[in-house]
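Q: Just so we're aligned, residue 0 is where the sequence shown starts under numbering that gives the first Met the number 0, counting upward by one.
Here a beta-carbon is modelled for each residue, glycine too, at the ideal position from N, C-alpha and C.
Below is a structure I'd like to ask you about.
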Amino acid sequence: MKAIIPAAGLGTRFLPASKAIAKEMLPVLERPTIQYVVEEALCAGASEVVVILGNNKPEVMAHFSPAPDLVASLLRRGKDALAEAVSHAGALPVSFAHQDQPRGLGHALYCVEDLVRDERFFVLLGDVLVPDADLLVRMRALSEYHDGASVIAVFEVPLDQVSRFGIIDGTPLDGDAPHGSVTTWRLNDLVEKPTPQQAPSRLAVFGRYLLTPAIMAILARTAPDTSGEIQLTDALRELLRTEEIYALLVEPDEGFDCGTVASWLETNIRLAWRDPHLRAVVPAAGAVSST
Ligand code: UTP
Numbered sequence: 000m001k002a003i004i005p006a007a008g009l010g011t012r013f014l015p016a017s018k019a020i021a022k023e024m025l026p027v028l029e030r031p032t033i034q035y036v037v038e039e040a041l042c043a044g045a046s047e048v049v050v051i052l053g054n055n056k057p058e059v060m061a062h063f064s065p066a067p068d069l070v071a072s073l074l075r076r077g078k079d080a081l082a083e084a085v086s087h088a089g090a091l092p093v094s095f096a097h098q099d100q101p102r103g104l105g106h107a108l109y110c111v112e113d114l115v116r117d118e119r120f121f122v123l124l125g126d127v128l129v130p131d132a133d134l135l136v137r138m139r140a141l142s143e144y145h146d147g148a149s150v151i152a153v154f155e156v157p158l159d160q161v162s163r164f165g166i167i168d169g170t171p172l173d174g175d176a177p178h179g180s181v182t183t184w185r186l187n188d189l190v191e192k193p194t195p196q197q198a199p200s201r202l203a204v205f206g207r208y209l210l211t212p213a214i215m216a217i218l219a220r221t222a223p224d225t226s227g228e229i230q231l232t233d234a235l236r237e238l239l240r241t242e243e244i245y246a247l248l249v250e251p252d253e254g255f256d257c258g259t260v261a262s263w264l265e266t267n268i269r270l271a272w273r274d275p276h277l278r279a280v281v282p283a284a285g286a287v288s289s290t
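What follows is the structure, encoded as structure tokens:
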């Protein structure tokens, strides 16, 4: 199954840091965010990883290209581990597609329509991390259990934050599981940025999708929203009219958002807390609110 990684957004919430580099190149510990995302797709057995890039930000391609001079120089200085890390990044099998204008996530995906016309595919947002977890494998298993249906990942957010996200209306599928331990739902609807009063649940769309190719025909005719962007959420609502969609829970310690300065900072702190070499220099993870 191919994995598509959109990374062509403007990253306005990171300006001016994202003026000349994609926000997906900002580091989380020692690696750029996008490298974690590519590695996650490859670990899940993706047959091909395609990163969608915008204009004038060639550094993502440079990061995934070999750098023989740098590697040789590091080896000469006896920095073998760093040479290995640089070689590894340059050897990851990644290809690239292009979105000429940042016209929304739905538009970005439609740019690779010819690559996934006849097959299901993963979408991994380039500013969301799920390191060291088998989420994509579980999503594929859930899809296969339901005859190849689409699956989206969701995470639980506090009620006062539902208006920042797409929120699902879903029917729990875990049979007699006690309240609080449900992990899968069949979608009835999706509501974009509801008020706490309107919200059908506290389950927000998270940034990992397994989609059937039918989404492409829908994206082709999905109208832009009031800000001129073609939204994937609108296309998913349309897909629900003809196909079932399932949701799978991302546990709080599995997934990390890096889309805003605050969430990126929190992700760095939470992952540094897991690293024995960095632990001493970060505040206790419990002191960081998780959002
Ligand atoms: P976001 O909305 O979080 O990213 O999109 P953004 O638009 O870059 O950021 P802000 O809102 O301006 O701060 C989620 C993912 O989809 C990609 C982004 O690069 C990000 O990884 N995306 C978004 C595209 O590839 N193309 C787009 O037109 C929009």
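Would a C-beta distance cut-off of 9 angstroms place residue 88 and residue 160 closer than the cut-off?
A: Mapped onto the sequence shown, residue 88 falls at position 89. Mapped onto the sequence shown, residue 160 falls at position 161. It is not a contact, given that the beta carbons lie outside the stated cut-off.
Q: Would the beta-carbon of residue 165 be found less than 8 angstroms away from any heavy atom of the ligand UTP?
A: Residue 165 sits at position 166 when you count from the first residue of the sequence shown. False, no ligand heavy atom lies under 8 angstroms from that Cβ.
Q: Buried or exposed: residue 267, going by 16 or more other Cβ atoms within 10 Å of its Cβ?
A: One-based indexing of the sequence shown puts residue 267 at position 268. Looking at its Cβ environment, which holds 16 or more other Cβ atoms inside 10 Å, residue 267 is buried.
Q: Please output, in chain order, the residues near the ligand UTP using a CB cut-off of less than 5 angstroms to any non-hydrogen atom of the ligand.
A: Output, sorted by chain position: 5, 6, 7, 8, 9, 10, 11, 12, 101, 103, 104, 107, 124, 125, 126 and 258.
Q: Residue 47 to residue 5, Cα distance in whole Å?
A: Walking along the sequence shown from the start, residue 47 turns up at place 48. Walking along the sequence shown from the start, residue 5 turns up at place 6. Residue 47 and residue 5: Cα-Cα distance of roughly 14 angstroms.
Q: Quick one: using the 10 Å Cβ neighbour count with 16 as the cut-off for buried, is residue 227 buried or exposed?
A: Here residue 227 corresponds to residue number 228 of the sequence shown, with the count starting at 1. When all chains shown are included, residue 227 counts as exposed.
Q: DSSP state of residue 143, grouped into three classes?
A: Start at 1 with the first residue of the sequence shown, and residue 143 comes out as number 144. Of the three classes helix, strand and coil, the one that applies to residue 143 here is helix, per DSSP.
Q: If you measure between the beta carbons of residue 138 and residue 247, is that distance less than 9 angstroms?
A: Residue mapping note: residue 138 aligns to position 139 of the sequence shown, counting from 1. Residue mapping note: residue 247 aligns to position 248 of the sequence shown, counting from 1. Result yes, Cβ atoms of residue 138 and residue 247 sit closer than 9 angstroms.
Q: Helix, strand or coil for residue 63? Go by DSSP, reduced to three states.
A: As a first step, residue 63 must be located in the sequence shown, where it is residue number 64. Residue 63 falls in the coil class under three-state DSSP.
Q: State the Cα-Cα distance for the pair residue 163 and residue 192, rounded to the nearest angstrom.
A: Residue mapping note: residue 163 aligns to position 164 of the sequence shown, counting from 1. Residue mapping note: residue 192 aligns to position 193 of the sequence shown, counting from 1. Approximately 5 angstroms, taken between the alpha carbons.
Q: Going by the beta-carbon positions, is the gap between residue 102 and residue 217 smaller than 9 angstroms?
A: Here residue 102 refers to the residue found at position 103 of the sequence shown. Here residue 217 refers to the residue found at position 218 of the sequence shown. No, they are not a contact pair.
Q: Run through the DSSP bridge pairs and tell me what residue 248 is partnered with.
A: In the sequence shown, residue 248 corresponds to position 249, counting from 1. Bridge partners of residue 248: 153.
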